[in-house]
Amino acid sequence: MIPAPAVHRAEHLSPDQVGQVLALMRAAGDTDGALPLSEHVVLHLRHGGEAPAVHLLAYGETPEQIVGYAYVDTTDAVEGASAELVVHPLHRRRGLGRALVTAAMAVADERNGGRLRLWAHGDHPSASALAIRLGFDRVRVLLQLRRSLSAPLDEAVLPAGAHLRAFRPGVDDEAWLALNAAAFAEHPEQGKWTLDDLHMRLSEPWFEAAGFLLAEAGDGRLLGFHWTKVHGAAPTQPGDGEEAHVPEPIGEVYVLGVSPDANGGGLGRALTLAGLWHLRDRGLAQVMLYVDESNTRALALYRRLGFVRWSNDVSFQRTL
């Protein structure tokens, strides 16, 4: 019998280890067509953060060469632990993926009563097969949709009394967090953002206040927002580190939210269009977004605006 590959735990990573993990992520993304680690994980790797995580490392021919990695977040007392992992393309089919998932399950046994969610970005058949073999059920699908920005765009017509302006870092932070929490009260991740989560993103090279659009009422209340993002080296922006390998710049409907008090008045559609016009004016040819497959209302809006399915990310839940 071939012994299972050794997996090592760490509570903290050195700067060299962080660099290796990010390089490993890029190598896998170039091969698979989808980055294997979410933005949340990448931000915590690069910036640190208060939320504790367990890092699982698998090494290659030398103890310094990281060829497999898993990030295990054990902070959610309600939903349980969550994990994301990556194996270098040249070191696959050697049991590393299974060893990393098994080690993540052991962490969940110790810290979260065995509850564990596992993300597979890109929904590759091999990842699904491994998850099912290890006792996980497919429970959530996050769709990536895309649209050409060269196709016709309707004008963004805001409801009466509302106007658009750019986000002001350091001024709008608390008000925006309150709006985000209200707009995403039922969302498993987005509605839980903290001030630290916001500030990490505001400090990223890709952030530009002009692309963070706020809809404001005449009395100053925030009604909704459309935060756009540009991946890759856009015509007016230099390359941005971890995403500089993207072959062509692409815009993103990064986060779009509407206050529950302003639902039903067409504000969501108007904000979406306003952000698309902003990205088009930057010279971008395409735009992408992520939306839960179960969010039929948002899906209907995006499809009416010309978005089509591009790829899937899948969450698996461990069966106990």
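In short: position in the sequence shown from 1, add 217, done, that's the numbering used here.
Ideal Cβ positions, reconstructed from N, Cα and C, are used throughout, including at glycine.
As the structure is a computational prediction, the values presented were derived from the model and not from experiment.
DSSP, read as helix, strand or coil, puts Arg363 in strand.
If only uninterrupted beta strand (DSSP E) runs of at least 3 residues are considered, those enclosed by the segment 484-521 are 503-509. With respect to Val284, Gly277 sits close: the two C-beta atoms are nearer than 7 Å. Distance from the Cα of Ala316 is smallest, within the candidate group Leu307, Ser365, Leu302, for Leu302.
Bridge partners of Thr445 according to DSSP: Val470.
According to DSSP, Val289 shares a beta bridge with Val271, Ala300. Glu281 and Pro386 have their alpha carbons spaced roughly 40 Å apart. Contact annotation, Leu430 with Ala383: C-beta distance approximately 7 Å; criterion of less than 8 Å satisfied. Straight-line spacing of the CA atoms in Trp410 and Arg418 works out to 11 Å. Shortest Cα-Cα distance from Phe442 to any of Leu381, Asp247, Gly449, Gly408 involves Leu381. Residue burial annotation: Asp478 is exposed, with fewer than 16 other C-beta atoms found within 10 angstroms of its C-beta. Using a Cβ distance threshold of 7 Å, Ser528 and Gly246 do not count as a contacting pair. Per DSSP, Leu347 is one residue of the alpha helix (DSSP H) stretching across 342-350.
Scanning its chain for C-beta atoms nearer than 6 Å, with the 5 sequence neighbours on each side dropped, one finds around Tyr507 the residues Leu359, Gln361, in chain order.
For Met242 against Leu230, the beta-carbon gap comes to about 13 Å, at or over 8 Å, which does not count as contact.
Annotation: Leu273 to Gln234 spans about 11 Å, alpha carbon to alpha carbon. The residue from Gly250, Ala275, Arg514, Asp293 with its alpha-carbon nearest to that of Glu406 is Asp293. When DSSP states are grouped into helix, strand and coil, Ala251 belongs to the coil group. In the three-state reduction of the DSSP assignment, Asn480 falls in the coil class, being assigned neither a helical nor a strand state. About 6 Å separates the beta carbon of Val238 from that of Leu262, a gap short enough to meet the 8 Å contact definition. Within the same chain, Cβ atoms closer than 7 Å to the Cβ of Ala368 are found at Gly523, the five residues on either side in sequence being excluded. Per DSSP, the beta-bridge partners of Leu431 are Arg382, Phe442. Gln282 carries a coil assignment under DSSP once its states are collapsed to helix, strand and coil. Setting aside the 5 residues that flank it on each side, Ala300 is surrounded in the same chain by Ala287, Val289, Ala321, Leu335, each with a C-beta closer than 6 Å to its C-beta; the list follows chain order.
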